[in-house]
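Enquirer: With the first letter of the sequence shown counted as 1, position 214 gets the number 657 in my numbering; the numbers rise by one all the way through. Where a beta carbon is used, it is the ideal one built from N, C-alpha and C, also for glycine. Shown below is the structure under consideration.
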Amino acid sequence: MNDSGSVTTQASTVEAWTEALAQSTGSPGGGAGTGVMLAIAASLTSMVAGYTEAQGEQGSELEELHGRAKALRETALRLADDDAAASKSFGAAFRLDPGPERDEAIHRASVDAAKASAVLGDRAIEAIEDLGWLASHGNPALIADVVVAFGALRAAIAGARTNVSFDLSSLTSAGDELENVREEHPRLWATVARLSEALDRIDQLTASVDKKAAPTDGV
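See the structure below:
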């Protein structure tokens, strides 16, 4: 069994990292998995962009898109490891004995975890339209890869949305009322709604290319 505390996305094999994820430690956990899903989406975006040819203004757009996808893959893996660290602190806070120290630790860990997931969600939102561009202008032979990327990106956004929401609600364990949480953390609260809207956008884009990606469906 691997020591999950020593496993990172950037210094481990897929086998070692997923073995650590499979352990009942919570670090890495679902939030870190969200980061890995974003990295997969970014990697597929980069691959499809590399197989796509475009001229003129579209060529410039494609080059910039390709650069963003390469950078996002690296960022997503770093954010996955950041989330794993935040998750470890989150779990440790809830294991403390009841009292003011525990309440303070839960509050701090919950906010830090929500912020980590929100950053990841923001990066995922930024990637949606690049995939949308490839759905319309990318190499048509790789449309299935675009749809797989949409699926990974959707999982990342859904995970980020749920984690931000759950972490904010965890503040009630430290004695806060949910209405107070919304007033104290308006940007994080608004992030949940933005991520929900992003899910709708991904579903719309995926549906628009479904017939090209899965032509045998319904035949």
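Can you tell me the Cα-Cα spacing of L631 and G575, whole angstroms?
Expert: What you label residue 631 is simply residue 188 of the sequence shown in a count that begins at 1. What you label residue 575 is simply residue 132 of the sequence shown in a count that begins at 1. Looking at the two C-alpha atoms, the distance is approximately 26 angstroms.
Enquirer: Beta-carbon within less than 6 angstroms of D588's beta-carbon, same chain only, minus the 5 sequence neighbours each way: which residues are those?
Expert: Residue mapping note: residue 588 aligns to position 145 of the sequence shown, counting from 1. Within the same chain, D588 has close Cβ partners L487 and V491.
Enquirer: Give the range of the alpha helix (DSSP H) segment to which E572 is assigned.
Expert: Here residue 572 refers to the residue found at position 129 of the sequence shown. Unbroken alpha helix (DSSP H) run through E572: P543 to H580.
Enquirer: Starting from T649, trace the alpha helix (DSSP H) both ways and give me its first and last residue.
Expert: The residue you call residue 649 lines up with position 206 of the sequence shown. Taken as a continuous stretch (DSSP letters only), the alpha helix (DSSP H) holding T649 covers P629 to A656.
Enquirer: Find the nearest neighbour of I483 within the set L539, Q501 and A567, judged by alpha-carbon distance.
Expert: The residue you call residue 483 lines up with position 40 of the sequence shown. Ranking the options by Cα distance to I483, first place goes to A567.
Enquirer: What ranges does the alpha helix (DSSP H) occupy inside the stretch 458-525, keeping only unbroken runs of at least 4 residues that lie completely in it?
Expert: Correct list: 473-493.
Enquirer: Given that a residue counts as buried once 16 or more other Cβ atoms are within 10 Å of its Cβ, and exposed if not, what is S530?
Expert: Residue mapping note: residue 530 aligns to position 87 of the sequence shown, counting from 1. That one is buried.
Enquirer: Anyone know if the C-beta pair for V590 and A656 falls short of 9 angstroms?
Expert: Your numbering for residue 590 matches position 147 in the sequence shown. Your numbering for residue 656 matches position 213 in the sequence shown. Yes; because the gap between Cβ atoms is below 9 angstroms, this pair is in contact.
Enquirer: Would you please state the rounded distance, in angstroms, between the beta carbons of L508 and D573? I believe it to be under 8 angstroms.
Expert: Taking the sequence shown and counting its residues from 1, the one referred to as residue 508 is at position 65. Taking the sequence shown and counting its residues from 1, the one referred to as residue 573 is at position 130. L508 to D573, Cβ: 5 angstroms. Contact.
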